[in-house]
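First comes the structure, then the notes that go with it.
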Amino acid sequence: MTQAEAVSRMTDTMAKFVAFTGKRLPDDVRAKIKELAAQEEAPLAKAIYATMDKNQELAWKLNRPSCQDTGAVQFFLKCGTHFPYIDELPELLRNAVIQATKDAPLRHNAVETFDEYNTGKNVGLGIPSLFWEMVPGRDDCEIYTYMAGGGCSLPGRAKVLMPGEGYEGVTKFVLDCMTSYGLNACPPLLVGVGIGTSVEVAALHSKEALLRPIGSHNPNPKAAEMERLLEDGINKIGLGPQGLCGKNSVMGVNIINSARHPSVIGVGVSVGCWSHRRGHIVFDRDLNYTIDSHSEVDF
Ligand code: SF4
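Going by the working numbering, the sequence shown opens with residue 1, and the numbers climb by one from there.
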């Protein structure tokens with residue numbers, strides 16, 4: 001296979017994967033929605049979960065996106081420094097989004113700032129967003145795809161707290177977000193909390209936290225306990241599906257943290273909605289790929 005053929009093959013695979021993840025939710029999200037639906041007794045909450053289920057069935061059957069809001073496509077890469085197509089990835093992923101937009105089809109969502117026109121292709125200056133982690137010595141490439149809608153994780157929040165606010169301050173910030181901006185996303189929600197030393201690190205961690213599977217826990221037992229306490233607290237708000245009341249508010253709370261300067265604690269919150277369109281695909285150097293976010297794939 002020539003380099004050009006390889007790039008074309010990977011572009012095509014990524015276009016199909018982006019289009020696919022737009023219509024099919026990952027296994028963990030589908031399982032959690034079913035679990036939460038089974039706990040509801042109120043007729044309205046049950047009816048909304050039944051509608052979500054029908055939405056998923058029709059999206060699959062009619063080959064259409066599971067939500068009208070494409071969001072802005074984001075890619076999170078863990079790329080080996082020896083992956084043979086590393087230099088081609090930015091353009092390749094941009095072309096994959098253009099192709100997916102036509103083929104899926106996906107609603108056109110990329111508007112050039114200041115010039116105020118929609119490109120009609122879901123690409124623009126800095127869109128799709130690419131977040132890179134280079135992995136020395138590896139020759140494969142892991143790619144998380146994520147469609148973040150205008151109501152869910154795009155308008156996340158982050159702040160560096162004053163010395164002394166501590167973990168109580170983190171909790172207050174998260175709960176304040178959940179009782180204000182968090183509701184812009186369609187519940188049940190996946191809440192990503194980032195904790196680090198500066199505002200941009202906390203914000204990025206909160207988005208990375210949304211890539212972690214539902215039901216997974218932070219490896220630090222104290223952080224895992226905070227996840228559990230926040231989940232209990234936010235569930236007690238009783239948002240229910242689509243915010244119309246119910247037993248639960250969230251599919252989970254995931255925390256990702258890093259070390260920090262002793263006098264500050266940065267905290268970020270990103271909120272994913274029930275239509276949490278996350279995918280995970282891993283390419284080896286020969287472009288064989290595995291997908292572990294979805295057990296049923298139709299391309
Ligand atoms: S919050 Fe999610 S489900 Fe609701 S409109 Fe936005 S992308 Fe769609």
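The C-beta atom is built at its ideal place from N, Cα and C for all residues, glycine as well.
Please read all numbers here as calculations on a predicted model, not as lab measurements.
- Remark: the C-beta of Cys-186 is in contact range of the ligand SF4, defined as less than 7 angstroms to any heavy atom.
- Gln-74 has Ser-129 and Tyr-146 as its beta-bridge partners, per DSSP.
- Judged by their CB atoms, Met-10 and Phe-299 are not nearer to each other than the 8 angstroms cut-off.
- For Ala-223, the enclosing alpha helix (DSSP H) covers residues 221 to 237.
- Distances taken from the Cβ of Asp-69 to the heavy atoms of the ligand SF4 include one shorter than 7 angstroms.
- Membership of Arg-94 in the alpha helix (DSSP H) is indicated by the continuous run 89 to 103.
- Annotation for Gly-194: the continuous beta strand (DSSP E) segment containing it runs 189 to 196.
- About 15 angstroms separates the beta carbons of Asp-140 and Phe-76, which is beyond the 8 angstroms limit, so they are not a contact pair.
- In this structure Leu-189 is not in contact with Gly-233, their Cβ atoms being roughly 13 angstroms apart against a cut-off of 8 angstroms.
- Taking 7 angstroms as the cut-off, one finds no heavy atom of the ligand SF4 near enough to the beta carbon of Trp-132.
- Spanning the alpha carbons of Leu-44 and Gly-164 requires a straight line of approximately 43 angstroms.
- Taking 8 angstroms as the cut-off, the Cβ atoms of Gln-39 and Lys-247 count as close.
- Buried is the label assigned to Gly-243, since at least 16 other Cβ atoms lie within 10 Å of its Cβ.
- The criterion of a C-beta distance shorter than 8 angstroms is satisfied by Glu-88 and Val-7.
- In the three-state DSSP reduction, Thr-81 falls in the coil class, being neither helix nor strand.
- The ligand SF4 approaches Gly-149 closely enough that one of its heavy atoms is under 7 angstroms from the residue's Cβ.
- Remark: the shortest separation between the CB of Ser-249 and any heavy atom of the ligand SF4 does not fall under 7 angstroms.
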